[in-house]
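Below is one structure; the comments refer to it alone.
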Amino acid sequence: MDDKTITFNEVPEAITVLIEKIGNLENMIEATLNSKPNEVVWMNVDELCSYLPAKPAKQTVYGWVCSKFIPYHKKGKKLQFLKSEIDEWLISDSKEKEDLEAAIEEQTMRIRNNIRRRSL
């Protein structure tokens, strides 16, 4: 840091330099706060069901996976869901949300029809 004495005539220039430095610091802080952590979070079906706002049943999630409606990864026999992909899927446009509602309704009708057939 400079131990230079500033004269009255140099004050406006010194203030300009300080304002620029503060602006740079603000930009650096904002960039740090806005940077997303590179943390990878995997969820299983149970964790996904409790994470989703609608709290769907496991069978509903399996139906979405079967129709490739929801992003998923399958390692062997285990279904896994990447939290960042699920978040993007949830934020997607309203068209996809309408499709989700249609898929839920379709899955519900399938389950009801299966129950009716079994009870006959």
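Going by the working numbering, the first residue of the sequence shown is number 1, and it counts up by one from there. The beta-carbon is built from N, C-alpha and C at its ideal position, and this holds for glycine as well.
* Asked: Where ARG110 and TYR51 are concerned, what is the direct C-alpha to C-alpha distance, given to the nearest angstrom?
  -> In the sequence shown, counting from the first residue as 1, residue 110 sits at position 110. In the sequence shown, counting from the first residue as 1, residue 51 sits at position 51. Distance between the alpha carbons of ARG110 and TYR51 is about 24 Å.
* What did DSSP end up calling TYR81 once you bin it into helix, strand or coil? -> On the sequence shown, residue 81 is found 81 positions in, with the first residue counted as 1. One point to set straight first is that residue 81 is Phe, not Tyr, in the sequence displayed. If DSSP states are grouped into helix, strand and coil, PHE81 belongs with the strands.
* In or out: ILE29 buried (at least 16 other Cβ within 10 Å) or exposed? -> What you label residue 29 is simply residue 29 of the sequence shown in a count that begins at 1. With fewer than 16 other Cβ atoms from the protein chains shown falling within 10 Å of its own Cβ, ILE29 counts as exposed.
* With DSSP as the reference, label LYS74 as helix, strand or coil. => If you number the sequence shown from 1, residue 74 lands on position 74. LYS74 falls in the strand class under three-state DSSP.
* Own chain residues within Cβ distance below 6 Å of LEU100, not counting five before or after -> Taking the sequence shown and counting its residues from 1, the one referred to as residue 100 is at position 100. Non-local beta-carbon contacts of LEU100 in its own chain, meaning distances under 6 Å to residues more than five positions away in sequence, are absent.
* Asked: Roughly how many angstroms separate the alpha carbons of GLU10 and ILE22, rounded to a whole number?
  -> Taking the first residue of the sequence shown as position 1, residue 10 is located at position 10. Taking the first residue of the sequence shown as position 1, residue 22 is located at position 22. Distance from the CA atom of GLU10 to the CA atom of ILE22, rounded to whole angstroms, is 18 Å.
* To do: Taking PRO56 as part of the alpha helix (DSSP H), name the residues at either end of that continuous run.
  => Position 56 of the sequence shown, counted from the start, is the residue given in the question as residue 56. No alpha helix (DSSP H) holds PRO56; DSSP gives it neither H nor E.
* Exposure label - ILE70; buried when at least 16 CB within 10 Å -> Counting from 1 along the sequence shown, the entry for residue 70 is found at position 70. It counts as buried.
* To do: Please report how far the alpha carbon of ILE86 lies from the alpha carbon of ARG116, in whole angstroms.
  => Locating residue 86 in the sequence shown gives position 86, counting from the first residue. Locating residue 116 in the sequence shown gives position 116, counting from the first residue. The alpha-carbon atoms of ILE86 and ARG116 are separated by roughly 33 Å.
* Tell me, please, which residues DSSP counts as bridged to TRP42. => To locate residue 42, count along the sequence shown from 1; it is residue 42. In DSSP, TRP42 forms a bridge with LEU82.
* Asked: Quick one, are the C-beta atoms of VAL41 and LYS75 less than 7 Å apart?
  -> Position 41 of the sequence shown holds residue 41. Position 75 of the sequence shown holds residue 75. No, the pair does not count as a contact, with Cβ atoms beyond the cut-off.
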